[in-house]
Structures are given as C-alpha cells and as structure tokens.
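Worksheet: the structure to be examined is printed underneath.
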Amino acid sequence: MSDEIQQFTDARPSAPSYPEQARRAARDRLLAEATGRGRVWRPRLGWQAVGAFGLTLALAGGLGVALSSRPGPAVTPGAVTATSSADVTAPGRLAELDPRPDQFIVFESETMNLAEVIGDSKTAGRYLYRTYRKFYQSADGHQGLLWIEGRSPRQVPGRPLPAEAEQWKGGGWNEIGANCPGWPSSTRRDYAYLRTLPATPAKMREVLYTRDGGDRPADEAAFDRFGDLTRETYMPRAQRQALFEAAKTLPGVEEAPKVKDSTGREGVALGRVIDGVLEQKIFDPETFTLLGERGTVVDAKTVGAPVGTVVGWTAQTKVSLVDRLPDVKDATKDSKCEMNGSASPPPAASETPSATPGEPTPTP
C-alpha cells in the first residue's frame, strides 16, 4: 500500500480517480525536486487513500501540510438546495438515490490521517491531521468540486505535535475533472460507471482484481480497489451488496461486528492487516453503505507507534443530490492530466465493464 503526498497544501488532494502509479510518480518527483535527492524513501506505513487514510508526507519548510490560508468558502457548502438526501446518521434507513446524468452527488465526510513531516531532528515528526470534506461529483463523471477544511490535529501517542501540525486552519475549493485520456475505465468512480458493475459477488470479485497493483501483492491491491470503490462513491444497492460479499472472500479479510466510525455509529467491518495496520471498512449491515474507515496499529515495530493506536478514522456523514455546483470563483484547477507521466498509465489487466461517461449500461 503506497502513500499519498499533499501537494503544496492539504486542500490540494489527488483527484478521487487518481491512478496508483500517477500518485507514486507525483510523490517521487515532488520529493526529489524539493530535497535535491535522486532517490526517495517510500515508507510502507498506515493507509493510502484519497480523502481517507494515507501516510501523508510533508517537507518541513518546503512542501507543507498546512491548509490554504483562505478564510472560508465563497459560498457556504450546502447552500445549493438538494433535491433528495441520504443522511447516514440513521443506519439502515438510507433512501436509495437515482441521480440523473446532469445531477451531482454530494458526499460529506470527516477524516483523520497519519501524517509525517520530513526534516531535521527539530522539525521532523508525526501527527494525526483531521479534515472536513464536501465533495460534489457529477453522476456522469465529467466534473466535480471538492471543499476541504482543516480541523485541529491530534498527537500520535508518545510524540509531540510538530510545528507544521499547527498550520491547519482554513480551507479551499478544488476542481475535480474527468479521467485523463488514456486512463483505463477501472480508475473511474462515478455513478454512471459504478452502476454498470456486476450485481453478483463472483463477478464483482473479478472486478477487484482487474487493476494492476504494481509491486504489491494481488490480494492487497484487490483490497485497496475495494476501498476505492466505496469511498466517496455511490452505486445501486445490488452493486453495494455484491461488492461487500465479494470483499469478504478476499484472502486475509476478516469480518468484525459493532465497529464504530469516527462519529460513534456502529457497523460491520471488513478488515485486513497491511504493513502493521488493521485497515477496516465499516458498513451499515442493512444497506451496505459505507459509514467510515478505521486504521489500528497491530505491529508496533513496523508502524513505529504503540499497538492499539488509531492512525486513521473517518466517517461519511451524508450523501445527497443537487442539481448544480456552487458558484465558486477561487477553486484550484485540476492539473492531474498535465503532470508528466501521469496522463497515460499502463492499461489495466482487463477492462470490465467499459461504459463511457454519460452512457451507462446497467448490468442486471
């Protein structure tokens, strides 16, 4: 499981569909340029995810983990009137959404991630950084908008908060574009694509193994793919249930009842130990909707934190539909397709299904 670097500000995340190889290449290039080193250390700790868990690296005095200093959004997140809403505060009562291609699905979530500041003995350190996210994604996958706002950080047990951790106040808007030309359809996470996925566990299991995991074991990559398909996404119930049942069959995955997300809601968790951390995806047992994620240290030596330390904890608090995006004038442009080497990743092992944005082909 690879790590994710925050690029210049915490409000500048990788796009939700960012391929694994693009993330690694971007991180290596940024670190090499900033430090003048030709070789980059890539730790294998914690979680890798977009907007969820990830060992986020920062360079003290250079690339930072601080949020944008902008005081707040030009419009209040949520100001657009929702045509329907699914508040997951009440598990088991999630109303099914049926978005039109021209509508936007809105995901609201709270996240906590393990961050590491790279620097000298005085500036280096680890801490848990926290955010509030509001992600607008068009149902057809053509465009999106993401608001990220900082929350007060927390200490890793036994470690002081590094100076960089105090730069958490503020927030920022980020444009999220469609997939770049040449990217395989397996990197898509929009509703138009997800509704075409198989509705049976056996076929859905095949989907989990379609993307190349690089140097990682195939089963680990499949579990990562499982997380990518559930985090800040929406798919019909049949596909959600098939995905849950398929993930249960992955080698090393264990089911656990009554696991809490970061807001205290209990659900059933599917977890796997990766790099010394038990990574759990927590679901409503009745609707198979993602409630949140939790990462707990089980190998102190590998992670460098005491056993039982929670190094990642999230909650997806609400899913709703709106007819249009907020009117935002200061959003950071999405430049993922302009990054050298990231626009044309190697194709996945297979491409099933291959629906194009705006032309969904539902699978029975």
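Be aware that the sequence shown starts at 1, since it is given in UniProt numbering, and climbs by one per residue.
Where a beta carbon is used, it is the ideal one built from N, C-alpha and C, also for glycine.
Bear in mind that the values here come from a model prediction, so they are computed numbers and not experimental data.
From which residue to which residue does the alpha helix (DSSP H) around residue i run?
i	result
glycine 141	Careful: glycine 141 lies outside any alpha helix (DSSP H) and carries neither H nor E.
valine 303	300-303
alanine 221	218-230
glutamate 245	237-248
Leaving aside the five residues before and after residue i along the sequence, list all residues of the same chain whose C-beta is less than 7 angstroms from its C-beta, in chain order.
i	result
leucine 161	Tyr127, Pro153 and Gln155
proline 198	Met204, Val207, Ala242 and Thr363
tyrosine 132	Glu110, Glu149 and Arg151
alanine 218	Tyr209
lysine 258	Glu266
alanine 246	Pro201, Met204, Arg205 and Leu208
Beta-carbon within less than 6 angstroms of residue i's beta-carbon, same chain only, minus the 5 sequence neighbours each way: which residues are those?
i	result
glutamate 108	Lys134, Thr317 and Lys318
lysine 260	Glu266
lysine 333	Glu175
alanine 165	Tyr127 and Pro153
glycine 177	Asp334
threonine 35	With a pLDDT of only 37 at threonine 35, under 50, the local geometry of the prediction cannot be trusted, and the value read off the model is given with reservation. So no residue of the chain qualifies.
glutamate 254	Gly271
alanine 222	Leu208, Tyr209 and Leu250
tyrosine 136	Phe104, Val106, Gly144, Leu145 and Leu325
valine 268	Pro257, Phe283 and Pro285
Going by DSSP, what residue range makes up the beta strand (DSSP E) through residue i?
i	result
residue 402	The structure shown does not extend to residue 402, since the chain spans only 1 to 364, so no value can be given for it.
glutamine 280	277-283
arginine 294	290-297
glutamate 286	Premise fails: glutamate 286 is in no beta strand (DSSP E) and is neither H nor E.
Can you tell me whether residue i is buried or exposed? The criterion is at least 16 other CB atoms within 10 Å of its CB, across all chains shown.
i	result
glycine 271	buried
serine 335	exposed
aspartate 330	exposed
arginine 225	buried
alanine 202	exposed
glutamate 96	exposed
glycine 144	buried
glycine 276	buried
arginine 159	exposed
threonine 196	buried
proline 326	buried
threonine 233	buried
arginine 130	buried
glycine 264	exposed
glycine 252	exposed
proline 184	buried
threonine 249	exposed
arginine 324	exposed
glycine 182	exposed
leucine 194	buried
serine 320	buried
By Cβ distance, which residues of its chain are closer than 8 angstroms to residue i, with the 5 residues on each side in sequence left out?
i	result
glutamate 338	none
phenylalanine 244	Leu270, Phe283 and Phe288
arginine 139	Before going further, note that residue 139 is alanine rather than arginine in the sequence given. Hits under 8 angstroms: Pro99, Arg100, Pro101, Asp102, Gln103, Phe104, Ile105, Asp190, Tyr191 and Ala192.
valine 307	Val297, Val298, Asp299 and Ala300
arginine 237	Glu96, Thr287 and Phe288
proline 157	Ala305, Pro306 and Thr309
valine 303	Leu45, Gly46, Asp275, Gly276, Val277, Val297, Thr309 and Val311
For residue i, write down the residues that DSSP places opposite it in a beta bridge.
i	result
alanine 256	Ala269
threonine 332	Asn174
glycine 312	Gly295
arginine 133	Ser109 and Ile148
For the region 144-208, list the beta strand (DSSP E) runs that are entirely contained and at least 3 residues long, ordered along the chain.
-> 171-177
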